[in-house]
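In full-length UniProt numbering, the protein residues as written are 1 to 105. Think of the CB as a built atom: it goes at the ideal place given N, C-alpha and C, for glycine as much as any other residue. This report concerns only the one structure given below.
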């Protein structure tokens with residue numbers, strides 16, 4: 001799947017996210033992709049997203065990036081050895097960060 005610039009536009013997910021009004025349910029993401037003529041692989045990616053509802057495009061992109069990272073690692077545990085729930089991607093680092101550190105995951 002292509003996520004950024006320079007890839008084949010037919011295999012890019014991001015144009016399908018631009019046509020959605022947020023907050024959006026996962027099924028609305030699927031419908032938008034279908035309406036935009038996305039191929040079946042892109043539609044299946046949207047169907048497999050872990051959350052039922054997304055408040056912003058950035059939340060969708062975060063889950064897509066995490067899914068790609070886990071797929072590339074063969075489903076291995078995170079670097080610290082913890083097998084985290086996909087629905088809580090990056091929140092540990094942000095919500096438990098001290099005030100003197102960056103809150104970016």
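Specify the secondary structure class of residue i as computed by DSSP and reduced to three states.
{"i": "residue 19", "result": "coil"}
{"i": "residue 52", "result": "coil"}
{"i": "residue 24", "result": "strand"}
{"i": "residue 39", "result": "coil"}
What's the gap between the Cα of residue i and the Cα of residue j?
{"i": "residue 58", "j": "residue 45", "result": "16 Å"}
{"i": "residue 67", "j": "residue 35", "result": "24 Å"}
{"i": "residue 14", "j": "residue 52", "result": "19 Å"}
{"i": "residue 18", "j": "residue 37", "result": "14 Å"}
{"i": "residue 28", "j": "residue 22", "result": "10 Å"}
{"i": "residue 20", "j": "residue 32", "result": "7 Å"}
With residue i as the anchor, note down where its alpha helix (DSSP H) starts and where it stops.
{"i": "residue 13", "result": "Element bounds for residue 13: n/a, residue is neither H nor E."}
When you compare the CB positions of residue i and residue j, do they come within less than 9 Å of one another, or not?
{"i": "residue 47", "j": "residue 30", "result": "yes"}
{"i": "residue 43", "j": "residue 11", "result": "no"}
{"i": "residue 55", "j": "residue 26", "result": "no"}
Going by C-alpha to C-alpha distance, which of the options sits closest to residue i?
{"i": "residue 39", "options": "65, 64, 55, 16", "result": "16"}
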